[in-house]
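Below: the structure, in structure tokens.
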Amino acid sequence: MGSSTLRNAVTIVGASLAGLRAAETLRRDGFEGTISLVGDEPRVPYDRPPLSKQLLSGEWEVDRISLSPPERFMSLDLDLRLGRRATGLDVSSHTLDVDGATEEYDGLLIATGARCRTLPGTDGLAGVYTLRTLDDSLAIREALRGGPRRVVVVGAGFIGAEVASTAVGYGVPVTMVEALPVPLGRVLGDTVGSVVAEVHVDNGVDLRCGVGVDEICGTDRVESVRLSNEAVVEADLVVVGIGAIPNTDWLEDSGLTVDDGVLCDKTCLAAPDVTAAGDVARWPNPRYGEVMRVEHWDNAVEQGAHAARRLMLTDEEAVPFTPVPWFWSDQYDRKVQLAGRPRPDDEVALVDGSFEERRFAVIYGREGLLTAVFGMNRPRQVMQFKGLLQRGASWSEALEFAGN
Amino acid sequence: MHIVVDYDLCESNAICMQIAPDVFEVRDDDFLYLLDETPGEDRRAAMDEAAQRCPKQAIRIED
């Protein structure tokens, strides 16, 4: 695949974290050409993690979630096209459709993110929400302020967990429904997943695991949730957090390979002069020998920068993108962090603190290698082991570091 | 180069410590300590990265 370093213009589709960090990287690296930033939300780029935490709780207002102070944002000198949606792409002719109008691109960076998976049959039913955008967060906040009798959170992943935590802060009774027997069991394994689940129970959440949702009941407004075990939970507010789907609908017939995201090579190149980053990008991470798509905040930052630089390099100069995935989540008064790629059947060792005090760090290992570190209120330890993960440390080296 | 941390924003994710342990340290009390408020110019790339990768955007570089 050929790519030119003599670029005059770059179009970035997607004006959230990955897209903004891409634009910042281009300018920092001295790119003086036009940068066109296309985003379907009519807002300057904002930060999403507070949407389930500080903004939802009312601790912060909208002015606090900007991703870039106005003067710094202006200094990027972007051709800013907000409230505009990319509707089509043809990589063979180097053309892009924006709201149906065709334009040419020189270099293109795709960062269109993902959207929430929804429960079937809930369209148009008031009181049922997903959480992805600022408008979603403000709507749920309004509903929480209205004093609902009970909130049902569907899905005990990290978004669901944060929403439950914030709802508890409003003094609203919360039921959390999770299809897996142990929340996050597939990520953290059952032992550690159970501890994370217990924190919800500690905080008064009615946690129902190993049950699905059969139906969200109500005529115009939600009235109850019927579970797969026939239990019915009365609820006037339901928040669904059951994962996300990459936004690739506009890439049909583009010439790109779309398969649960935009498939890239190991350098984040998807086609000549086209790269992808953030929630929408799938690429083979040589560190793991695995094709992955990572929906973490930190990945959007890193991959946005990497994909931007990739556009400025020749194939010979390009380097693979080899991150150790990392994310954090804040729930109640606990901070959880995970770095690496654990599997549920990995060996697990407690390296700091204890499960009982809800303050601990555990490491995961497989086939003689350190694979991950997970911490609850243990940021220092998590980052130390993340350093070991980046070096490709062995399991025994990690245990030795821990002093075991 | 002057490093400023907004401690009202900082949530001790410790990403900065991993990038530049000579400048940032999250101690056992889970608080961030700034070890060097005026790192040398040779540390600028690392400081830029720390500021950009801070999930709370709590690190500012003042020239």
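Those protein sequence lines, which keep their order, are chains A and B.
In terms of numbering that gives the first Met the number 0, the first sequence opens at residue 0 and continues consecutively.
In terms of numbering that gives the first Met the number 0, the second sequence opens at residue 0 and continues consecutively.
In this text, a Cβ means the ideal position worked out from N, Cα and C, and glycines have one as well.
Asked	Found
Contacting residues, own chain, Cβ-Cβ under 6 Å from Leu16 (chain A) (five flanking each side not counted)	Ala299
is_contact[Ile14 (chain B), chain C] using C-beta, thresh 8 Å	Here chain C cannot be found, since the structure's protein chains are A and B.
C-beta neighbour in chain B for Pro48 (chain A), strict 8 Å	yes
Cutoff 8 Å; reference Glu214 (chain A); Cβ partners in own chain excluding five residues on either side	Gly120, Val224 and Arg225
Proximal chain A residues relative to Glu10 (chain B), where beta-carbon distance stays under 9 Å	Trp327, Asp329, Lys334 and Pro378
At least 3 beta-carbon pairs within less than 8 Å: the stretch 261 to 270 of chain A vs the stretch 174 to 194 of chain A	no
Those residues which DSSP pairs with Ile58 (chain B) across a bridge	B:Val4
Boundaries of the alpha helix (DSSP H) in which Cys15 (chain B) is found, first to last residue	Ile14 to Ile18
Ala85 (chain A) versus A:Val195, A:Val290, A:Ile109 and A:Asp62, residue with shortest Cα-Cα distance	A:Ile109
Runs of alpha helix (DSSP H) lying entirely within the stretch 99 to 181 of chain A, each at least 4 residues, in chain order	133 to 144 and 157 to 168
Validate contact between the stretch 317 to 324 of chain A and the stretch 284 to 295 of chain A using beta carbons, cut 8 Å, 3 pairs	yes
Short Cβ contact (8 Å threshold) for Leu8 (chain B) with Ala45 (chain B)	no
Chain-ordered neighbours of Asp27 (chain B) on chain A, where CB pairs are closer than 8 Å	Arg379
Gly38 (chain A) - containing alpha helix (DSSP H), residue span	Careful: Gly38 (chain A) lies outside any alpha helix (DSSP H), inside the beta strand (DSSP E) at Thr33 to Gly38.
Interface flag, Arg52 (chain B) vs chain A, CB-CB below 8 Å	yes
Local Cβ density within 10 Å of Met73 (chain A), reported as buried at 16 or more and exposed below that	exposed
Three-pair Cβ contact test at 8 Å for the stretch 168 to 184 of chain A versus the stretch 350 to 361 of chain A	no
Min CB distance Met382 (chain A) to chain B below 8 Å	yes
Whole-angstrom distance between Thr165 (chain A) and Gly57 (chain A), CA atom to CA atom	10 Å
Cα-Cα separation between Arg6 (chain A) and Leu107 (chain A), rounded to whole angstroms	11 Å
Contacting residues, own chain, Cβ-Cβ under 7 Å from Met0 (chain B) (five flanking each side not counted)	Thr37, Pro38, Glu40, Arg43, Met46, Ile60 and Asp62
8 Å Cβ cutoff, Tyr6 (chain B) in contact with chain A	no
Cβ-Cβ separation, Gly339 (chain A) to Leu388 (chain A) (assumed contact under 8 Å), whole Å	5 Å
Member of A:Val237, A:Ala196, A:Arg281 and A:Ala275 whose CA lies at the smallest distance from the CA of Asp258 (chain A)	A:Arg281
Close Cβ partners of Tyr128 (chain A) (< 8 Å) along its chain, the five nearest in sequence each way excluded	Asp135, Ala138, Ile139, Ala142, Leu236, Val237, Val238 and Val239
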